[in-house]
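Number of protein chains: 2
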Amino acid sequence: MRILIVGGVAAGPKVGAKINRLNSTAEVTLVEKGEFLSYAGCGLPYYVAGEVKEQKELMCTPVGVVRDPVFFQNVKNMKVLNRTEALRIDRQAKMLLVKDLHTGEEKTLPYDKLVLATGSSPIKPPLPGIDLSNVFSVHKIEDAEAIRKVIAENKAKDVVIVGGGLIGLEMTEALARHGARITIVEKLSEILPMMDTDLVVHVMKYLESKGVKVRCSTAVISFEGNGKVEKVRTDKGEIPCDMVIVAVGVKPNAGLAKEAGLEVGKTGGIKVDASMQTSDPDIYAAGDCTEGSNLITGEPCFIPLGSTANKEGRVAAVNICGGKDVFNGVLGTAVVKIFDYTVARTGLGEEQARKAGFDVITVLSPAPDKAHYYPGAKMIMMKVVADRKSRRLLGLQVVGPGEGDKRVDVAATAITAKMTVDDVAHLDLAYAPPYSSAMDNIITACDIARNKMDGIFEGVSPAEVKAMIDRKDDVVLLDVRSPAEVQAMPFPGAINIPLGALRKRWTELPKDKEIVAFCKISLRGYEAAMILKGQGFNKVKVMDGGLVMWSF
Amino acid sequence: MRILIVGGVAAGPKVGAKINRLNSTAEVTLVEKGEFLSYAGCGLPYYVAGEVKEQKELMCTPVGVVRDPVFFQNVKNMKVLNRTEALRIDRQAKMLLVKDLHTGEEKTLPYDKLVLATGSSPIKPPLPGIDLSNVFSVHKIEDAEAIRKVIAENKAKDVVIVGGGLIGLEMTEALARHGARITIVEKLSEILPMMDTDLVVHVMKYLESKGVKVRCSTAVISFEGNGKVEKVRTDKGEIPCDMVIVAVGVKPNAGLAKEAGLEVGKTGGIKVDASMQTSDPDIYAAGDCTEGSNLITGEPCFIPLGSTANKEGRVAAVNICGGKDVFNGVLGTAVVKIFDYTVARTGLGEEQARKAGFDVITVLSPAPDKAHYYPGAKMIMMKVVADRKSRRLLGLQVVGPGEGDKRVDVAATAITAKMTVDDVAHLDLAYAPPYSSAMDNIITACDIARNKMDGIFEGVSPAEVKAMIDRKDDVVLLDVRSPAEVQAMPFPGAINIPLGALRKRWTELPKDKEIVAFCKISLRGYEAAMILKGQGFNKVKVMDGGLVMWSF
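Residue numbers (numbering that gives the first Met the number 0), protein chains in the order written: chain A, 0 to 551; chain B, 0 to 551.
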């Protein structure tokens with residue numbers, strides 16, 4: 000059996016290695032356009048940051064063996080042709096036309112099964128000046144080397160990052176470590192489109208606190224300079240700079256597939272079924288070049304990630320070797336470290352869930368990631384999205400210095416299993432003070448969702464409260480914090496009745512007006528609402544997440 | 000509705016608070032024998048360690064309000080009688096006889112629903128000298144204060160910890176922080192009975208590296224000294240010391256229930272159904288005093304934890320107030336921080352799974368918790384227990400400096416959802432280099448389990464390999480590491496053929512003999528086995544987890 004693989008970064012080598020372990024007589028050939036193989040593309044920002052010291056660390060196995068063609072031949076029994084470009088698939092003849100980029104020579108390679116693992120490419124907006132020097136994207140080892148060279152020459156003092164997505168933010172931290180002054184320019188109204196606004200505002204505040212300027216709703220018109228970039232012209236003015244990182248997303252490399260007449264989805268990725276087979280039964284595809292599927296909605300999606308590429312590669316290999324394995328889709332799980340913050344999400348965001356037809360309930364719940372008295376406990380601001388009807392957990396998002404990734408992984412598992420918020424609230428998660436509170440953050444957040452579903456109380460988001468204030472609505476803002484807390488962080492316009500006094504002082508409040516109760520995190524706000532409800536108040540709401548979630 | 004709650008530490012206050020939120024007209028009275036209420040018992044070792052600085056931190060809400068009777072009255076609308084002992088339940092009359100420990104006065108309190116949240120007590124072995132001073136258990140605030148006093152007087156130089164369970168190990172770290180020389184004495188053949196031997200050996204090695212002496216299979220005969228403890232006499236000799244911590248487990252406080260004729264399980268805990276109702280429909284119980292149920296096997300168990308107490312308390316409160324909620328059981332999830340190691344587990348251990356009738360497959364998989372090139376990536380030694388027939392994940396255990404708690408929480412969720420190892424291997428977990436490898440530890444471990452289930456390779460545990468060597472079995476130990484690795488850490492008696500050379504040098508190996516292949520973590524060992532299998536070898540096994548898991 001002759002297996003031909005196009006692409007040597009993530010999914011391709013995985014497919015080849017797995018095929019060789021399953022079938023020692025398979026003849027596996029891998030074609031890669033670039034010089035480097037099986038490198039950790041996701042590690043590039045950390046290499047630029049200087050946290051990863053040497054290029055080869057990104058290309059080595061954990062025991063320090065460089066993954067070059069000799070390694071692949073000897074260890075993985077794969078013939079690797081690097082610097083070799085795949086030009087055309089002849090599906091009739093089952094041949095691939097390739098070009099040796101060393102010699103310029105073209106030749107055809109036969110296959111029984113072809114695997115496309117052609118990856119993705121950074122989107123290069125057709126803007127004037129995009130080819131100036133010191134305008135970079137971050138996709139290949141060579142990109143990182145070029146950026147490092149500019150840093151080493153101390154010529155990356157003012158950097159504009161175009162695009163506030165994952166790579167833009169990873170590069171923000173990487174370059175800030177070298178002392179660069181950074182401005183993020185984002186065309187959309189906010190950065191991090193994977194996250195809901197309630198949480199993005201806290202990321203924005205944090206970035207500003209780190210000296211990073213964030214310019215949203217700002218479109219780049221051109222890059223300008225004399226050979227080397229000197230400024231970015233936007234629709235909101237010019238930004239002088241000596242380096243630009245363009246990180247406005249990636250697109251699947253589906254050209255080879257498209258030209259061969261394989262089906263390509265509306266996201267631009269190659270269509271595959273759950274066995275990773277394309278519309279041609281002799282051609283499989285895996286990794287960034289494919290179109291994925293959302294596990295909850297079944298909607299096609301394009302979410303390129305090294306983790307998914309590895310899983311898909313294994314599934315393709317098993318099926319090619321006559322086994323049976325399926326990959327049903329993804330949840331859009333993502334995580335990014337931004338300075339000391341962890342920003343992560345899985346499942347559906349609030350709007351996504353609404354569009355998919357769910358009866359959406361949301362929760363904002365800020366809480367420390369460990370027992371609150373344990374030194375080093377750090378805040379996680381959490382948002383839960385759930386469906387009132389089925390009570391299913393649909394999504395989780397986290398922002399903050401605490402270990403939010405753990406809770407997102409639990410949520411990803413629970414969502415995959417179609418668990419309800421009730422199921423999650425009863426999970427037997429690992430508890431000891433250095434690891435969580437007795438009630439883990441996700442359990443507390445799901446209990447709040449249950450209370451809302453059961454009609455026990457009604458929440459109102461900080462953004463809605465802000466709108467009420469701006470509109471001068473006739474609403475009573477009831478702050479039930481202690482006087483000391485109020486003094487330390489006043490909330491103008493609110494009536495302060497500490498929770499402990501409310502059972503005596505509720506008579507000071509009007510029953511006919513809308514009341515919004517809150518405290519620091521709105522646990523006491525919730526108790527206040529319950530006390531008032533018990534006294535016959537029926538227009539009391541609780542501000543979701545309390546003042547910790549307030550960003551205005 | 001008059002609700003009477005006995006016990007004011009974890010489950011009791013939770014029940015009362017939740018009832019008040021659900022039903023503002025309920026009259027809730029809580030009776031607590033001790034002085035202190037709602038304190039964080041799990042935090043005591045960290046208070047002894049000095050990490051938690053002040054006693055009141057363990058008794059405060061996150062915003063610093065002490066949870067005393069006034070707090071409970073004003074905020075939670077509960078009447079709290081502390082230093083009040085519950086003496087007898089009159090189920091007929093629905094009355095509780097209590098004794099005021101301040102005045103010695105006895106009185107009866109009526110109830111419509113009674114909630115037993117009487118907690119657990121440390122087991123006090125009836126050994127001579129157990130009442131000497133400086134022999135402590137760690138259960139109450141007063142215990143921690145007494146221990147701190149001895150430390151402050153600089154009189155805790157040599158400490159014997161009796162019992163190598165969770166509290167014993169937490170106290171080991173706590174006292175080592177004060178410079179104490181520590182000996183753990185454990186009656187059983189190993190410490191940490193919640194963990195399998197393959198992993199416990201690594202905890203033992205680590206403790207020894209920290210200067211902690213561990214004496215297993217050692218029974219205490221007596222504590223000796225003149226007023227104050229001076230030595231511990233064991234069946235293996237004497238250990239001089241100036242302090243003893245007895246941490247040999249806790250037992251449920253079920254006396255009150257038992258005397259009232261309520262059903263008590265074989266574990267000694269009060270029997271409750273999934274609604275937390277006891278055998279008397281007007282009496283509920285929650286927390287450490289109850290008998291739990293294993294979610295996988297349905298077997299009764301006694302696993303007292305603050306996390307479970309809170310969940311059970313909420314369920315009891317909802318049902319008492321006419322709602323409907325169920326608590327189906329626990330997985331025995333547990334985590335403990337020991338110096339810089341995280342030791343955690345969930346689900347069934349290997350023997351437990353076998354006894355429950357599963358066709359057990361195990362995996363030992365050591366891997367870094369982050370991308371291996373990311374600075375600060377730390378090792379997690381992981382053991383997976385799964386069922387060959389149903390392919391269900393049954394258990395996960397972790398030991399090491401890496402973030403094992405995250406993977407255990409994912410496993411707890413997956414096991415609760417009855418996921419197969421195939422399901423887990425396809426989970427869309429949060430990936431970025433600071434958080435995990437592209438293939439997260441639990442995904443890799445589950446893929447190995449799948450390979451074993453599918454008969455792709457056969458594993459053999461390091462302990463079995465050690466036994467083969469000791470028995471002088473006619474077996475070839477094939478070390479496929481690089482020469483540099485072998486030089487750095489030789490494995491005597493093994494043949495070294497680096498993996499990259501094996502496709503040429505396999506002829507050096509005998510086909511008729513049993514071969515055990517390995518490397519550092521046995522990924523290359525596995526590939527070696529596949530290469531040899533391809534050459535017609537059919538007696539090749541792979542040493543599970545490689546040399547990282549070797550402890551001999």
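Note that beta-carbon positions come from the ideal geometry of N, C-alpha and C, so glycine has one too.
Item                                                                                                                     : Value
Length-filtered (3 minimum) beta strand (DSSP E) runs lying within the stretch 164-209 of chain B                        : 180-184
Neighbour-count burial assignment, H425(B), 16 or more Cβ in a 10 Å radius                                               : buried
A151(A) burial status per 10 Å Cβ neighbour count (16 or more: buried)                                                   : exposed
As assigned by DSSP and simplified to three states, the class of N495(B)                                                 : strand
Interface flag, C41(A) vs chain B, CB-CB below 8 Å                                                                       : yes
Proximal residues of chain A, C-beta to C-beta of P432(B) below 8 Å                                                      : A39, C41, G42, Y45
Start and end residues, alpha helix (DSSP H) containing V278(B)                                                          : Per the sequence presented here, residue 278(B) reads as Ser, with Val not at that position. Taken as a continuous stretch (DSSP letters only), S278(B) belongs to no alpha helix (DSSP H), as it is neither H nor E.
Cutoff 8 Å: R232(A) Cβ touching any chain B Cβ                                                                           : no
Cross-chain neighbours of F70(B) in chain A, by beta carbon under 9 Å                                                    : G499
Cβ contact check for the stretch 172-186 of chain A and the stretch 306-325 of chain A: 3 or more pairs under 8 Å        : no
Contact residues within the stretch 252-268 of chain A, judged by C-beta distance below 9 Å to chain B                   : none
Endpoints, alpha helix (DSSP H) assigned at K98(A)                                                                       : Note, K98(A): premise wrong, no alpha helix (DSSP H); beta strand (DSSP E) at 94-99.
H138(A) at chain B interface by Cβ criterion, 8 Å                                                                        : no
Cross-chain neighbours of M452(B) in chain A, by beta carbon under 7 Å                                                   : Chain A residues near M452(B): none, gap ~12 Å exceeds 7 Å.
Neighbour-count burial assignment, R470(B), 16 or more Cβ in a 10 Å radius                                               : exposed
Residues of its chain near R147(A), where Cβ-Cβ distance is below 7 Å and the 5 sequence neighbours each way are ignored : V47
contact_flag[the stretch 232-244 of chain A, the stretch 134-145 of chain A] where n(CB pairs < 8 Å) is 3 or more        : yes
G224(A) vs G128(A) beta-carbon contact at 8 Å                                                                            : yes
Sequence-distant residues of its chain with Cβ nearer than 8 Å to R82(A) (five each side left out)                       : E31, K32, G33, E34, D99, L100, H101
Option nearest L294(B) by Cα separation, candidates Y38(B), G312(B), N327(B)                                             : N327(B)
Interface residues of the stretch 395-421 of chain A facing chain B [CB-CB below 7 Å]                                    : D404, K405, V407, D408, V409, A411, T412, A413, T415, A416, M418
Best match in Y372(B), N440(B), V474(B) for proximity to K55(A) [C-alpha to C-alpha]                                     : Y372(B)
Of the listed residues E144(B), A462(B), G286(B), G356(B), nearest to V515(B) (C-alpha basis)                            : A462(B)
Range of the contiguous beta strand (DSSP E) that encloses P367(B)                                                       : 359-367
Option in V231(B), P491(B), K310(B) with minimal Cα separation from V423(A)                                              : K310(B)
Exposed unless 16 or more other CB atoms sit within 10 angstroms - verdict on E349(B)                                    : buried
Helix, strand or coil at R502(A) according to DSSP, with G and I counted as helix                                        : helix
Three-state secondary structure (DSSP) of S306(A)                                                                        : helix
Inter-residue spacing [alpha-carbon to alpha-carbon] between G401(B) and Q486(B)                                         : 27 Å
Closer than 8 Å to chain B by CB, M529(A)                                                                                : yes
Residues that DSSP places opposite A444(A) in a beta bridge                                                              : According to DSSP, A444(A) bridges with nothing at all.
Residue of C41(B), D130(B), S460(B) minimising C-alpha distance to Y434(A)                                               : C41(B)
For E577(A), the three-state DSSP class (helix, strand or coil)                                                          : Missing from the structure shown is residue 577(A); chain A here goes from 0 to 551 and no further.
Reference K354(A), options K369(A), D386(A), Q72(A), Y340(A), closest by Cα                                              : D386(A)
Contact check, V231(A) vs F222(A), beta carbons under 8 Å                                                                : yes
DSSP-derived helix/strand/coil call for V407(A)                                                                          : helix
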